[in-house]
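Everything on this sheet refers to the single structure shown next.
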Amino acid sequence: MHQIWALARKDLLLLCRDKSGLFFTFVFPIGFALFFGMIFGGSGPGSARIAIAVVDADKSEQSGRFVQRLTDAEQLTIHTPPVPGEGGAGVEALEWARKLVLSRAVVAYVYIQPGFGKAQEEMFFGGQGQVQVGADPSKKAERGMLEGILQQHVYAGLGDAMAKPEQGRRKAQKAMEMARQSKDLSPADRLVFETFFGALDVFLARAERAGQVEKKAAEGDEKPSASARGFAFAPVAITFADVQPSRTGPCNAFAVSFPQGLVWGVMGTAMGFAVSFIGERRSGVFARLACAPMPPWRLIAGKALACMLTIVFAMCLMLSMSAALGVRLGNWPTLVVGGGVVAFAFVGIMAIISVFAPTERAATGLGWAVMMVLAFIGGAAVPTFVMPGWMQTISNISPMAWALACLEGGVWRGSTIGEIAKPLVALGTLGVLGLGVAVAWLRHVR
Amino acid sequence: MIRLESIGKSFGRVRAVDGLSLHINAGEVFGLLGPNGAGKTTTISIATGLLAPDEGTARVHGHDPRLAGARRAIGVAPQSLALYDELTGRENLDFFAAIYNLHGSERAERVQEALTLVTLVDRQHDRVQGYSGGMKRRLNLAAAVLHRPAVVFMDEPTAGVDPHARHAIFEIVGTLKSRGCTVVYSTHYMEEAERLCDRVAIIDAGKVLAIDTVAGLLGRYGGQSVLEFSRDGEGGRVERVESADPIAALTQAAAGGRLQSARIHGPTLESVFLTLTGRSPRD
Numbered sequence: 084m085h086q087i088w089a090l091a092r093k094d095l096l097l098l099c100r101d102k103s104g105l106f107f108t109f110v111f112p113i114g115f116a117l118f119f120g121m122i123f124g125g126s127g128p129g130s131a132r133i134a135i136a137v138v139d140a141d142k143s144e145q146s147g148r149f150v151q152r153l154t155d156a157e158q159l160t161i162h163t164p165p166v167p168g169e170g171g172a173g174v175e176a177l178e179w180a181r182k183l184v185l186s187r188a189v190v191a192y193v194y195i196q197p198g199f200g201k202a203q204e205e206m207f208f209g210g211q212g213q214v215q216v217g218a219d220p221s222k223k224a225e226r227g228m229l230e231g232i233l234q235q236h237v238y239a240g241l242g243d244a245m246a247k248p249e250q251g252r253r254k255a256q257k258a259m260e261m262a263r264q265s266k267d268l269s270p271a272d273r274l275v276f277e278t279f280f281g282a283l284d285v286f287l288a289r290a291e292r293a294g295q296v297e298k299k300a301a302e303g304d305e306k307p308s309a310s311a312r313g314f315a316f317a318p319v320a321i322t323f324a325d326v327q328p329s330r331t332g333p334c335n336a337f338a339v340s341f342p343q344g345l346v347w348g349v350m351g352t353a354m355g356f357a358v359s360f361i362g363e364r365r366s367g368v369f370a371r372l373a374c375a376p377m378p379p380w381r382l383i384a385g386k387a388l389a390c391m392l393t394i395v396f397a398m399c400l401m402l403s404m405s406a407a408l409g410v411r412l413g414n415w416p417t418l419v420v421g422g423g424v425v426a427f428a429f430v431g432i433m434a435i436i437s438v439f440a441p442t443e444r445a446a447t448g449l450g451w452a453v454m455m456v457l458a459f460i461g462g463a464a465v466p467t468f469v470m471p472g473w474m475q476t477i478s479n480i481s482p483m484a485w486a487l488a489c490l491e492g493g494v495w496r497g498s499t500i501g502e503i504a505k506p507l508v509a510l511g512t513l514g515v516l517g518l519g520v521a522v523a524w525l526r527h528v529r
Numbered sequence: 603m604i605r606l607e608s609i610g611k612s613f614g615r616v617r618a619v620d621g622l623s624l625h626i627n628a629g630e631v632f633g634l635l636g637p638n639g640a641g642k643t644t645t646i647s648i649a650t651g652l653l654a655p656d657e658g659t660a661r662v663h664g665h666d667p668r669l670a671g672a673r674r675a676i677g678v679a680p681q682s683l684a685l686y687d688e689l690t691g692r693e694n695l696d697f698f699a700a701i702y703n704l705h706g707s708e709r710a711e712r713v714q715e716a717l718t719l720v721t722l723v724d725r726q727h728d729r730v731q732g733y734s735g736g737m738k739r740r741l742n743l744a745a746a747v748l749h750r751p752a753v754v755f756m757d758e759p760t761a762g763v764d765p766h767a768r769h770a771i772f773e774i775v776g777t778l779k780s781r782g783c784t785v786v787y788s789t790h791y792m793e794e795a796e797r798l799c800d801r802v803a804i805i806d807a808g809k810v811l812a813i814d815t816v817a818g819l820l821g822r823y824g825g826q827s828v829l830e831f832s833r834d835g836e837g838g839r840v841e842r843v844e845s846a847d848p849i850a851a852l853t854q855a856a857a858g859g860r861l862q863s864a865r866i867h868g869p870t871l872e873s874v875f876l877t878l879t880g881r882s883p884r885d
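For the protein sequence lines, the chains are A and B, in the order given.
Under my numbering, the first residue of the first sequence carries the number 84, and numbering increases by one thereafter.
Under my numbering, the first residue of the second sequence carries the number 603, and numbering increases by one thereafter.
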């Protein structure tokens with residue numbers, strides 16, 4: 084045991100003297116977890132907002148309301164032309180917006196063309212407001228998101244028209260007037276339009292009165308009549324209910340990002356120790372150690388102990404930080420057992436790489452290539468639920484997926500040890516196999 | 603002490619050691635002399651248990667060197683420096699002492715003793731990456747003798763060091779010999795073998811060409827001494843005479859006229875190597 088501890092102590096001392104090793108073992112995983120936690124949690128500065136430039140060339144009451152809705156939207160950051168007054172809505176303003184898109188200061192511009200307000204007033208009889216969106220064609224994702232947001236706010240305008248009967252009546256009356264005066268309509272079509280808009284006007288008038296009745300009833304704690312409720316036009320009633328974090332869901336984005344960061348940290352540590360072992364193999368140190376009165380398994384055991392201790396320390400550090408960021412750990416025993424088995428499995432992977440890779444460079448290249456692929460298909464970089472079905476099936480055989488299952492089980496899923504038995508057994512087997520193969524190889528070469 | 607019997611070792615198609623036999627006695631400084639690629643390092647690797655021979659047997663203290671009984675008696679200073687650059691000199695020695703199961707005050711005492719032997723006490727707390735090449739070589743030797751082994755294998759211990767550091771290493775070898783330690787010293791420098799070794803094995807292409815004391819090798823394979831002289835009044839013309847008795851030849855030359863200059867060149871291990879292989883060890 085003295086020899087194993089001496090080997091482990093030496094490796095820990097070497098790690099403490101290696102700044103880049105310390106960075107990739109402790110700092111990088113924390114940075115990874117914080118970065119992705121902030122991105123997915125939306126708590127970072129300016130997160131989840133699309134910057135757009137808005138040019139209102141119509142300057143009508145309706146276009147003003149549309150701009151106001153965009154300004155109020157949480158998903159958008161609005162830039163308006165700096166030129167005050169009428170000049171801000173002209174050709175110069177459109178050119179200003181184009182330059183902002185070209186310089187990537189904004190994702191797109193929204194140009195509300197003249198006639199937008201008038202078209203809104205005539206929306207029931209052919210009026211169609213024109214809005215031009217200018218965007219970089221390569222930014223398809225942002226364009227898609229922006230289109231959705233704009234549609235949402237365009238239909239919010241229609242909703243306003245129906246939800247506020249006085250506005251709807253005005254538009255219905257305007258449409259009826261236009262239908263009467265239209266020379267293009269046949270008498271039969273004119274009759275249809277007049278009947279429809281007349282009925283709509285009556286309906287909205289009743290709805291306006293029903294709204295007043297409902298308001299009085301609410302103030303007087305009276306129940307509105309069934310007739311009044313029928314005319315109160317409100318297609319969707321939205322109410323809010325308090326939702327508490329449950330045991331089966333992550334309490335915040337860091338609860339998801341920290342297990343992923345842990346997996347990256349464990350991988351980095353395993354790679355670092357593998358590379359250090361190969362360095363010893365290629366230098367005279369290995370010759371001296373191999374000549375010492377010590378069986379080969381102790382050489383591996385010393386390296387494994389140092390690797391294990393480093394992984395456990397990194398895990399404790401990250402879990403402390405996640406707790407400080409509000410992550411409530413789901414199940415301590417699962418986390419302790421799962422974390423220990425994950426560390427053991429990656430020690431096994433470290434041992435295999437360290438004996439089979441011929442050079443440090445080969446180990447770094449091969450190790451990272453394999454681990455990156457396993458990490459990506461295992462969900463350590465991208466959550467598995469966003470993957471296609473076939474890839475989700477493949478991810479089941481990735482040690483990263485098993486590691487994530489164990490760590491997430493302890494951190495936020497609240498899994499019992501029995502519930503993560505399969506990945507525990509798979510990881511434990513991997514660790515035993517890795518260490519066994521490494522010891523057998525060392526015996527063979529001696 | 604060390605017996606290698608008809609050992610052979612191949613790496614792929616390369617025959618590194620070919621039927622090599624050596625018997626090294628306790629307490630002697632034994633030289634393995636040969637050019638690069640002669641098989642010296644492979645021989646040492648087999649003798650220290652680092653490699654298993656394809657044929658033949660190796661014994662140290664009567665044990666297979668791969669077994670723990672022999673390993674405790676062996677100290678190794680590999681040709682590649684077996685040190686951790688990021689650790690201090692003392693931390694390196696402390697680690698290797700622990701690997702040889704030295705603990706507590708005994709370990710501290712052995713580390714101090716080794717640092718004193720290689721005169722690195724003043725630099726013991728500096729990281730090895732700041733050491734000169736010679737200091738690293740000395741620390742490499744210190745790590746090999748921490749556990750007071752009966753036999754120390756030194757593989758090219760003076761590779762890449764300056765004359766001052768080389769002299770320091772010679773002194774360390776002398777100290778070890780005076781303590782009764784057996785030293786197996788591998789080198790391709792003839793003058794080092796001549797100066798340090800009690801017996802020398804000349805190796806080439808994985809085979810032992812000759813084993814004897816330096817004087818014995820010189821006597822058997824070194825050829826005759828050469829007398830070079832010039833006389834007054836002969837315009838500096840140098841005459842060259844080969845003779846088994848150079849003093850008698852010098853006396854005879856002096857009888858023929860007043861000598862302006864005279865120099866006797868005795869046989870060297872280089873000439874021994876030349877005789878045995880037909881080429882210079884530097885080829």
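Idealized CB from N, CA, C, for every residue including glycine.
Fair warning: this is a prediction, and the values are worked out from it, not measured in the lab.
Rounded to whole angstroms, the Cβ separation of B:L748 and B:M756 is 15 Å, and the two are not in contact under 8 Å. Only buried fits B:S873, as 16 or more other CB atoms lie within 10 angstroms of its CB.
Closest option to A:L95, judged by alpha-carbon separation, among A:V395, A:R253 and A:V438: A:V395. Taking a C-beta distance under 7 Å as the contact criterion, A:E225 and A:I133 qualify as a contact pair. In this structure, the CA atom of B:G664 is about 23 Å from the CA atom of B:D814.
Per DSSP, B:H867 is not a residue of any alpha helix (DSSP H); the beta strand (DSSP E) it occupies stretches across L861 to H867. Look at A:Q86: its C-beta is under 7 Å from a C-beta on chain B.
Interface flag for A:K386 against chain B is unset, since no Cβ pair is found closer than 7 Å.
Restricting attention to beta strand (DSSP E) runs no shorter than 3 residues, the stretch 810-858 of chain B encloses them at 827-833 and 840-845, ordered along the chain.
With contacts defined as CB atoms closer than 7 Å, B:V786 and B:L778 fail to qualify as a contacting pair.
Within the stretch 777-803 of chain B, no residue has a Cβ lying closer than 7 Å to any Cβ of chain A. Annotated three-state conformation of B:K611 is strand, per DSSP.
Less than 7 Å divides the Cβ of B:G824 from the Cβ of B:P869.
Counting the other Cβ atoms within 10 Å of the Cβ of A:C399 gives fewer than 16, which makes it exposed. Of the candidates A:G348, A:A488 and A:A370, the residue whose Cα lies closest to the Cα of A:L392 is A:G348. If you check each beta-carbon in the stretch 817-830 of chain B against every beta-carbon of chain A, none falls closer than 8 Å. Within chain B, the residues R673, I701 and Y702 have their CB atoms less than 7 Å from the CB of A:A375, given in chain order. Straight-line spacing of the CA atoms in A:D141 and A:G227 works out to 25 Å. At least one CB atom of chain A sits nearer than 7 Å to the CB of B:P680. For the pair A:A397 and A:A521, the CB atoms are not nearer than the 7 Å cut-off.
For B:T789, the enclosing beta strand (DSSP E) begins and ends at T784 to T789. Annotated three-state conformation of A:V190 is coil, per DSSP. Per the coordinates, the alpha-carbon of A:V174 lies some 14 Å from the alpha-carbon of A:L183. Residue state for B:G664 is assigned as coil, using DSSP reduced to three classes.
Counting along the chain, no alpha helix (DSSP H) covers B:F755; the unbroken beta strand (DSSP E) around it starts and ends at V753 to D757. Where A:A136 is concerned, there is no enclosing alpha helix (DSSP H), although the beta strand (DSSP E) around it starts and stops at I133 to D139.
The residues L829 and A851, in chain order, have a CB closer than 6 Å to that of B:V843 in the same chain once the five nearest residues on each side in sequence are set aside.
Residue contact check for B:A684 against chain A: a CB pair falls below 7 Å. In the DSSP annotation of this structure, A:Q264 is not part of any beta strand (DSSP E); the continuous alpha helix (DSSP H) holding it starts and ends at P248 to Q264. Looking at the DSSP output, A:F115 shares a beta bridge with no other residue.
Proximity of chain A to B:G651 at the Cβ level (cut-off 7 Å) is accounted for by C374, in chain order.
Distance from the CA atom of A:A271 to the CA atom of A:I135, rounded to whole angstroms, is 46 Å. In this structure, DSSP gives A:H162 an extended state, which the three-state scheme calls strand. The shortest CA-to-CA distance from A:V190 to any of A:P197, A:R181 and A:A218 is the one to A:A218.
In the three-state reduction of the DSSP assignment, A:H85 falls in the helix class, which pools H, G and I. Separation of B:G776 and B:Y791 (C-alpha to C-alpha, rounded to the nearest whole angstrom) is 17 Å.
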